[in-house]
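A.B. asks: Take 133 as the starting number for the sequence shown in my numbering and just add one per residue. Shown below is the structure under consideration.
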Amino acid sequence: MASLDKYRSNVYSQFGEDGVLKEICRRLNISTGYFVEFGAWDGKFLSNTFHLLEQGWRGVYIEGDREKYEQLCRNMIPYAEKVVLLNKFVRVDGPTKLDNILCEAHAPRDLELLSIDVDSNDWHIWLGLKTFQPKILVIEVISSIPAGVIQTHRGEDVLGSSFSAAIELGKLKGYTAVCHTGNIIFVRNELIPRLNLPEDELLFPELLFDYSWLKKPLVSAAPQSTKKTRLLSRLQSAHQQLRGILLRIRQRTPAKETITTTNSTSSQFFSSCADSTNQDYLHPPVDHPFYLHLLDLKTAVSSYASSDSLRILDFGAGTSPYRSLFPNSDYRRADLPGSPAVDYVVSAHSTIDEADEYFDLVISTQVLEHVETPELYLKEALRLLKPGGRLVLTTLGIFEEHGVPKDYWRWTALGMRKLIANSGFRIEEIKRLTCNPRAALFLTTNYLPRFAAIRPWRSPHALVLWVVRKLCRRFRKHLHRLADSFFQSDAVCPEEDNSKSLYIALLVCATKQ
133 MASLDKYRSN VYSQFGEDGV LKEICRRLNI STGYFVEFGA WDGKFLSNTF HLLEQGWRGV
193 YIEGDREKYE QLCRNMIPYA EKVVLLNKFV RVDGPTKLDN ILCEAHAPRD LELLSIDVDS
253 NDWHIWLGLK TFQPKILVIE VISSIPAGVI QTHRGEDVLG SSFSAAIELG KLKGYTAVCH
313 TGNIIFVRNE LIPRLNLPED ELLFPELLFD YSWLKKPLVS AAPQSTKKTR LLSRLQSAHQ
373 QLRGILLRIR QRTPAKETIT TTNSTSSQFF SSCADSTNQD YLHPPVDHPF YLHLLDLKTA
433 VSSYASSDSL RILDFGAGTS PYRSLFPNSD YRRADLPGSP AVDYVVSAHS TIDEADEYFD
493 LVISTQVLEH VETPELYLKE ALRLLKPGGR LVLTTLGIFE EHGVPKDYWR WTALGMRKLI
553 ANSGFRIEEI KRLTCNPRAA LFLTTNYLPR FAAIRPWRSP HALVLWVVRK LCRRFRKHLH
613 RLADSFFQSD AVCPEEDNSK SLYIALLVCA TKQ
């Protein structure tokens with residue numbers, strides 16, 4: 133039993149989170165604070181935060197379902213001055229990305245508690261959270277998946293994420309797991325010493341796993357449950373043996389070596405996450421919502437692929453989706469503070485700590501729209517390039533707002549030409565990407581369905597939107613194939629073709645004179 137398990141008790145929570153959170157707050161000397169919870173339901177039902185609201189906390193409740201949101205509003209009438217209520221579905225990206233919603237609600241960036249429970253892409257939403265750093269975080273996981281299995285949500289095929297996937301993501305983001313109730317409760321690393329937890333639990337979070345969850349699905353099992361029982365029993369026995377091995381290793385291994393291993397695991401896990409994301413960029417599935425945009429981006433950037441031994445800077449790297457196009461390069465990554473596995477940290481003035489004229493090529497893909505002062509960013513790219521060095525840059529023409537953490541700009545081809553030239557570059561070419569019918573199809577299939585009504589019977593207009601949403605989802609891959617068959621010439625177009633006046637993105641190739 134984990135040390136915090138004995139404090140589990142419910143006032144409104146489901147699996148004892150109320151009691152554990154109370155004890156954690158006591159040890160951290162937090163008497164009142166600020167919370168965020170989504171899907172909040174009616175604010176009380178199985179809530180991890182309502183008991184805190186009763187004790188004087190303030191916070192934000194987010195609920196996407198309209199009927200549940202109406203119940204939430206009624207229940208929160210006595211607390212109207214303490215809570216912000218939002219009727220939104222939290223998405224992984226786009227306008228309703230969690231960072232954007234919390235900025236809109238004016239939540240403090242160093243809030244005390246965040247509770248994530250949407251029964252699906254909880255893991256991905258936490259992964260995308262950049263601006264806000266809660267002291268305590270509660271996240272739902274699929275606890276019937278044994279510890280040691282890393283699995284993340286993948287649509288209707290794989291619902292939710294596993295215990296170990298959440299543990300590794302926590303390490304990546306600077307959090308330590310302290311309790312598993314069915315949800316996992318994390319605390320920010322710098323606060324962990326104040327909790328006085330056993331060292332074994334901190335070094336080996338698998339010890340926190342509540343094995344009773346492996347037995348719960350068997351209560352109403354079918355006749356073949358005997359095989360399942362034997363399998364789960366073997367898994368549990370194997371894990372107990374592994375626990376013993378790990379504890380024996382810990383007794384013989386200095387703490388520093390153990391921490392090094394943990395960081396290595398986190399780095400490997402980031403790499404695996406990045407590889408999964410980059411596969412979508414390099415080989416987007418035909419049924420991917422952004423298929424047309426990603427395919428055209430890849431086609432345009434691939435024309436600059438090189439097997440030469442170049443010194444390359446990925447300026448605003450993200451997951452470096454196009455790194456594999458330059459297999460023999462000295463490939464360096466630069467991104468914002470807190471980004472994992474980077475070679476340079478980008479300052480508030482868009483500078484990095486490197487010598488002048490160091491790189492042969494600077495790559496910037498879908499970054500410039502997020503830079504507060506593009507002129508400073510481009511001048512830094514110019515400084516870093518050798519004479520004759522090349523800048524390959526892509527950015528957006530028409531797209532939804534998507535702060536990661538900020539989203540400032542959109543450009544026309546002429547505006548981009550002026551900006552690049554004024555920064556001191558000589559422009560080689562500008563290309564318009566995903567143009568005219570491909571752009572129209574991309575916008576229709578991705579954004580029109582978002583306005584479709586949940587209850588189509590309310591009006592003819594709502595019914596039409598509902599039908600459009602269903603058709604877009606049902607025939608998306610067929611529409612994409614048609615676009616590739618009939619409108620391939622609209623994928624990557626030269627700037628000089630003024631007939632391509634509607635476009636999703638731009639690519640610029642420029643050199644340092």
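Ideal Cβ positions, reconstructed from N, Cα and C, are used throughout, including at glycine.
Can you tell me the Cα-Cα spacing of TYR454 and TRP541, whole angstroms?
C.D. replies: For TYR454 and TRP541, the distance between alpha carbons rounds to 23 Å.
A.B. asks: Who are the Cβ neighbours of GLU507 in its own chain at under 8 Å, not counting the five residues just before and after it?
C.D. replies: Hits under 8 Å: LEU551, ASN554, SER555.
A.B. asks: Below 8 Å between beta carbons: does that hold for VAL499 and ALA513?
C.D. replies: No, the Cβ-Cβ distance between VAL499 and ALA513 is not below 8 Å.
A.B. asks: THR313 and ALA297 - do their beta-carbons sit closer together than 8 Å?
C.D. replies: Result no, Cβ atoms of ALA297 and THR313 do not sit closer than 8 Å.
A.B. asks: Taking only three categories from DSSP, how would you classify GLU155?
C.D. replies: It is helical.
A.B. asks: Rounded to whole angstroms, how far is the Cβ of ASP539 from the Cβ of HIS502, which I believe are closer than 8 Å?
C.D. replies: Rounded, the Cβ-Cβ distance is 6 Å, consistent with contact.
A.B. asks: Output the distance between the C-alpha atoms of SER456 and LEU429, rounded to the nearest integer angstrom.
C.D. replies: About 15 Å.
A.B. asks: Using the DSSP secondary-structure output, state which residues sit across from PRO626 in a beta bridge.
C.D. replies: LYS563.
A.B. asks: Should GLY521 and THR643 be called a contact, given that it needs their Cβ atoms to be closer than 8 Å?
C.D. replies: Against a cut-off of 8 Å, the Cβ pair of THR643 and GLY521 comes out as a contact.
A.B. asks: Thinking just about the alpha-carbon of each residue, which of LEU597, GLN203, THR577 is nearest to the one in ASN219?
C.D. replies: The residue with the shortest Cα to Cα distance from ASN219 is GLN203.
A.B. asks: If you follow the alpha helix (DSSP H) that TYR509 is part of, which residue opens it and which one closes it?
C.D. replies: Segment 506-516, the alpha helix (DSSP H) holding TYR509.
A.B. asks: Assuming GLU169 is part of the beta strand (DSSP E), what are its boundary residues?
C.D. replies: Unbroken beta strand (DSSP E) run through GLU169: 166-170.
A.B. asks: In the structure shown, what three-state DSSP assignment does SER434 receive?
C.D. replies: Three-state result, SER434: helix.
A.B. asks: Excluding five sequence neighbours on each side, which residues of the same chain lie with their C-beta closer than 7 Å to the C-beta of SER141?
C.D. replies: Once the five neighbours on either side are set aside, the close Cβ partners of SER141 are GLY148, ASP150, GLY151.
A.B. asks: Which two residues bound the contiguous beta strand (DSSP E) that contains ASN315?
C.D. replies: 315-320 is the span of the beta strand (DSSP E), which, as asked, contains ASN315.
A.B. asks: Return the Cβ separation of VAL250 and PHE170 in integer angstroms, given the expectation that the two are a contact with Cβ distance under 8 Å.
C.D. replies: Yes, VAL250 and PHE170 are in contact; Cβ-Cβ is about 7 Å, under 8 Å.
A.B. asks: In this structure, what does DSSP give as the bridge partners for THR526?
C.D. replies: THR526 pairs with THR497, LEU639.
A.B. asks: Please report the straight-line C-alpha distance between LYS388 and TRP258, rounded to a whole angstrom.
C.D. replies: In this prediction, LYS388 scores a pLDDT of 36, lower than 50, which makes its location untrustworthy; the coordinate-derived value is nonetheless stated afterwards. Cα to Cα, LYS388 sits roughly 28 Å from TRP258.
A.B. asks: Let's test the definition: count the other Cβ atoms within 10 Å of the Cβ of ILE233 and tell me whether it reaches 16, buried, or not, exposed.
C.D. replies: With 16 or more Cβ atoms within 10 Å of its Cβ, ILE233 is classed as buried.
A.B. asks: Within 10 angstroms of the Cβ of HIS610, are there 16 or more other Cβ atoms? Answer buried if so, exposed if not.
C.D. replies: Per the 10 Å Cβ criterion, exposed.
A.B. asks: Is the Cβ-Cβ distance between GLY188 and LEU245 less than 8 Å?
C.D. replies: No, they are not a contact pair.
A.B. asks: Could you tell me which of GLY196, PRO325, GLU628, PHE295 sits nearest to ARG159, measuring between CA atoms?
C.D. replies: Closest option to ARG159, Cα to Cα, is PRO325.
A.B. asks: So for ASP249, helix, strand or coil by DSSP?
C.D. replies: ASP249: coil per DSSP, three-state reduction.
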